[in-house]
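**Q** Heads up: the sequence shown runs through residues -5 to 105, numbered per the numbering used here.
Have a look at this one before I ask anything.
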Amino acid sequence: MMHMSNVMSNKYAEFNHYDCRVLLRFKNDESLLRSLYESLHPDNAETGAKMVLLEERYDTDNGEYVVEFASTEDIDKCVDTIKNTADEILGLVKSVENLTDRLAREKRMFK
């Protein structure tokens, strides 16, 4: 089953070019992907004034979660904006992954 959260809404249709754009694709087991989606989706509902969420897709059939975003800032500022956003997402991914691993280890310990 594919969960489509947000695909380039009409309010961003006038933006057809971005100097800075990032696509993050995560492939893993369904429980980790669901945790990522549930952790990131609320934050992705409202982006900052200089950010555009182009796509957010949680696809259980293919075992992937995709987030694509861009900055509308001038080129001299957008690289830092995109890097900071990607770092924030990757930090959250690492936290969710660590927590999922820990819970799985504890579950095995108490069987």
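We put the CB at the ideal spot given by N, CA and C, even for glycine.
Mind checking whether the beta-carbon of Asp23 lies closer than 7 Å to any heavy atom of the ligand FAD?
**A** The ligand FAD is not among the ligands present in this structure, which contains no ligands whatsoever.
**Q** Are the C-beta atoms of Thr75 and some chain D residue less than 8 Å apart?
**A** Any reference to chain D falls outside this structure, which holds one protein chain only.
**Q** At what residues does the beta strand (DSSP E) containing Glu91 begin and finish?
**A** It is not in any beta strand (DSSP E) - Glu91 instead sits in the alpha helix (DSSP H) that spans 69 to 103.
**Q** Looking only at DSSP bridge pairs, what is Lys21 linked to?
**A** Glu58
**Q** Less than 8 Å between the CB atoms is what I'm expecting for Ala80 and Leu18, so what's the real figure, rounded?
**A** 7 Å
**Q** Note down the Cα distance separating Thr94 from Glu32, rounded to an integer number of angstroms.
**A** 13 Å
**Q** From which residue to which residue does the beta strand (DSSP E) around Asp53 run?
**A** Where Asp53 is concerned, the enclosing beta strand (DSSP E) stretches over 45 to 53.
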